[in-house]
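Written below as structure tokens is the structure these notes are about.
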Amino acid sequence: MRRPALALLVGLAATLPGLPTQAQSGGKLLLTGGVSSIDGAAGGGLTPWALTGSYATAGEIGATAFATRVRTGDYGLAVYGAAVSAWDRVELSVARQDLDTGHSLAPLGLAGLHLKQDILGAKVRIAGDAVLDSDSLMPQIAIGLEHKKTHAGDLGPTLYGPLGAKDSGTDVYLSATKLLLAPGLLVNLTLRSTRANQNGLLGFGGAQGRGARLEPELSLAKLLRRDLAVGVEFRAKPDNLNRSVLGTGALKEDDWKDLFVAWAPSKHVSLTAAWVDLGRIAPAAQPRRQSGGYLSLQFAI
Amino acid sequence: MPRVAILACLLLAIAAAAAQTPPADDGLYLAWGGKAGIRAVMDDFVPRLATDPRTAPFFKGADLEHLSAQLTEQLCQQAGGPCVYSGKSMKVVHEDLGIHRRDFNALVEILQQSMDAKGIPFGAQNGMLARLAPMHRDIEDR
Numbered sequence: 006m007r008r009p010a011l012a013l014l015v016g017l018a019a020t021l022p023g024l025p026t027q028a029q030s031g032g033k034l035l036l037t038g039g040v041s042s043i044d045g046a047a048g049g050g051l052t053p054w055a056l057t058g059s060y061a062t063a064g065e066i067g068a069t070a071f072a073t074r075v076r077t078g079d080y081g082l083a084v085y086g087a088a089v090s091a092w093d094r095v096e097l098s099v100a101r102q103d104l105d106t107g108h109s110l111a112p113l114g115l116a117g118l119h120l121k122q123d124i125l126g127a128k129v130r131i132a133g134d135a136v137l138d139s140d141s142l143m144p145q146i147a148i149g150l151e152h153k154k155t156h157a158g159d160l161g162p163t164l165y166g167p168l169g170a171k172d173s174g175t176d177v178y179l180s181a182t183k184l185l186l187a188p189g190l191l192v193n194l195t196l197r198s199t200r201a202n203q204n205g206l207l208g209f210g211g212a213q214g215r216g217a218r219l220e221p222e223l224s225l226a227k228l229l230r231r232d233l234a235v236g237v238e239f240r241a242k243p244d245n246l247n248r249s250v251l252g253t254g255a256l257k258e259d260d261w262k263d264l265f266v267a268w269a270p271s272k273h274v275s276l277t278a279a280w281v282d283l284g285r286i287a288p289a290a291q292p293r294r295q296s297g298g299y300l301s302l303q304f305a306i
Numbered sequence: 042m043p044r045v046a047i048l049a050c051l052l053l054a055i056a057a058a059a060a061q062t063p064p065a066d067d068g069l070y071l072a073w074g075g076k077a078g079i080r081a082v083m084d085d086f087v088p089r090l091a092t093d094p095r096t097a098p099f100f101k102g103a104d105l106e107h108l109s110a111q112l113t114e115q116l117c118q119q120a121g122g123p124c125v126y127s128g129k130s131m132k133v134v135h136e137d138l139g140i141h142r143r144d145f146n147a148l149v150e151i152l153q154q155s156m157d158a159k160g161i162p163f164g165a166q167n168g169m170l171a172r173l174a175p176m177h178r179d180i181e182d183r
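Chains A and B, in that order, give the protein sequences.
For the first sequence, our numbering assigns the number 6 to the initial residue and increments by one for each residue that follows.
For the second sequence, our numbering assigns the number 42 to the initial residue and increments by one for each residue that follows.
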């Protein structure tokens, strides 16, 4: 799935005349395209926002590419991806996630297992302007979807067998983003309909619960300077595998949180550093809460 | 769902607390150093508008001295100062100029350069931008 998706994006970018000149002058204000979330869509770090990515505003087309590393006590996550945005209206994104479980799953005979996931995203701004309508509380609103395909490796037979998860799923979300311009405060609320277990890295749904749940995701960011923002995020998640055949609580999952700082020295590059708390991940095998560092680099044209 | 409700309430509370209704006081005017402070920024801003390749085409043949005076009046009034903008409406002035969002944002960025150059604090910069930004509706071509 991933290669056709990348080819589509590259092809789309290549066939658009005038892209280099338009993109270089990207007409959005600094940082108002957000950064790349771990799922590829423009947003904060853990959650998509209603902003479209890159600096392409009305009449322009832009693109971003990113790489993100998360290192918690026992797990490492590597993500890379890209997005194309057009007219400050639509955004298409791709991302690949690779979770290195280290020695955590050794008790299951799965030491060194990598759980991978490919994500195709699409987002459309349907109303509002997050930045310039500063005399109104009306936020910018976007709807989006993230189609995810899990590659669970040797965990697959267990995950898709007795645990009852599927290997793909589609999240649908509604995001509302408002930059309160005078105080320099950005607020985002995303409501996501999802069946994903650990964002999809452990598949979708389970034998005990397959239905989609509506989960809120909240971001608050304060602009310290035009090129520097600090903030917090919270992302609620389903808990479909909590009561699995492995025993209650064995695969309990927790909500995610982070504290971040994002710096954009120019419209072509941004660096985001964060402290993340991903809660417990497969506590039967690894009971410790997983918190640690997050670093993300994004290039934009 | 209760979590959704709690978060929605939190969000509304934050939004309400930070609502950008123009205060009736002259705090912003004072933060800009009064009319002289605003004029100093405008005298820096207008020549930049006339020379920056992104905005220069819109200011060909404009009376820059007059423009600086008009903008000073306008920002003074917007900031809660003792001024009354006497120029034409934003809609009339910008009609048929073909100004798009990228042009409007270029102007914002040039204003940011001038505010930096004249030492306007970041909070006071954003305070003024919040008063001016909604004018995009009258300035931009639709």
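Glycine is no exception: its CB is placed at the ideal position from the N, C-alpha and C atoms.
Here the structure is a predicted model, which means the values were calculated and not measured.
For R293(A), the three-state DSSP class (helix, strand or coil): coil
Residues near W268(A) by beta carbon distance below 7 angstroms, same chain, minus five either side: D232, L233, S275 and L276
Apart from the five residues just before and just after V133(B), which ones in its own chain have a Cβ nearer than 7 angstroms to its Cβ? none
If the cut is a Cβ gap below 9 angstroms, which residues of chain A does P175(B) touch? L137, D138, S139, D140 and S141
Taking 9 angstroms as the CB-CB cut-off, is E313(A) touching chain B? Because chain A in this structure spans residues 6 to 306, residue 313(A) falls outside the shown range and cannot be described.
What separation, rounded to the nearest whole angstrom, lies between the Cα atoms of P63(B) and D104(B)? In this prediction, P63(B) scores a pLDDT of 49, lower than 50, which makes its location untrustworthy; no coordinate-derived value is stated.
In angstroms, rounded to a whole number, what distance separates the CA positions of V235(A) and T37(A)? 14 angstroms
Sort A46(A), S301(A), L35(A) and Q303(A) by Cα distance to I124(A) and report the nearest one. A46(A)
When burial is assigned at 16 or more other CB atoms within 10 Å of the CB, is Q291(A) buried or exposed? buried
Suppose you measure from the CA of D44(A) to the CA of G189(A); what does that come to, to the nearest Å? 26 angstroms
Residues in its own chain within less than 6 angstroms of L223(A) by CB, not counting five upstream and five downstream? L194 and F239
Please classify P112(A) as buried or exposed, where buried requires at least 16 other C-beta atoms within 10 Å of its C-beta. exposed
Can you tell me where the beta strand (DSSP E) with G133(A) in it begins and where it stops? Premise fails: G133(A) is in no beta strand (DSSP E) and is neither H nor E.
Min CB distance A110(B) to chain A below 9 angstroms: no
Range of the contiguous alpha helix (DSSP H) that encloses F145(B): R142 to A158
Is there a C-beta anywhere in chain A that falls below 9 angstroms from the one on Q118(B)? no
At a Cβ threshold of 9 angstroms, is G164(B) touching chain A? yes
Can we say the stretch 140 to 159 of chain B touches the stretch 73 to 87 of chain A, given the rule of at least three CB pairs closer than 8 angstroms? no
Which of helix, strand or coil DSSP assigns to H108(A): coil
List the endpoints of the continuous beta strand (DSSP E) containing H177(B). Unbroken run through H177(B) is the alpha helix (DSSP H), H177 to I180; no beta strand (DSSP E).
Where does the unbroken alpha helix (DSSP H) through N167(B) begin, and where does it stop? F163 to L173
Indicate whether A70(A) and A83(A) have their beta-carbon atoms separated by less than 9 angstroms. no
Using 8 angstroms as the threshold, is the stretch 53 to 72 of chain A in touch with the stretch 71 to 84 of chain B, meaning 3 or more CB pairs across them? no
Classify Q213(A) as helix, strand or coil using the three-state DSSP reduction. coil
Is there at least one Cβ from chain B nearer than 9 angstroms to K171(A)'s Cβ? no
Reduced DSSP category for K154(A) - H, G, I as helix; E, B as strand; rest coil: strand
Across the stretch 117 to 133 of chain A and the stretch 89 to 103 of chain A, are there enough close Cβ pairs to call them in contact, namely three or more that are closer than 8 angstroms? yes
Neighbour-count burial assignment, Q154(B), 16 or more Cβ in a 10 Å radius: exposed
Do L228(A) and F163(B) come within 9 angstroms of each other at the CB atom, strictly closer than that value? yes
Residue nearest to T137(A) in terms of C-alpha spacing, selected from R183(B), V149(B), A165(B) and D182(B): The sequence shown places Leu at residue 137(A), rather than the Thr named in the question. Here the closest residue by C-alpha is V149(B).
What does the alpha-carbon distance come out to for the pair L186(A) and A287(A)? 42 angstroms
Residues within the stretch 50 to 68 of chain A neighbouring chain B, beta-carbon criterion of under 7 angstroms: T62, A63, G64 and E65
Residue-chain proximity (D144(B), chain A), Cβ-Cβ < 9 angstroms: yes
List the endpoints of the continuous alpha helix (DSSP H) containing L118(A). Premise fails: L118(A) is in no alpha helix (DSSP H) and is neither H nor E.
Classify V192(A): buried if its beta carbon has 16 or more other beta carbons within 10 angstroms, exposed otherwise. buried
If you measure between the beta carbons of K154(A) and D176(A), is that distance less than 9 angstroms? no
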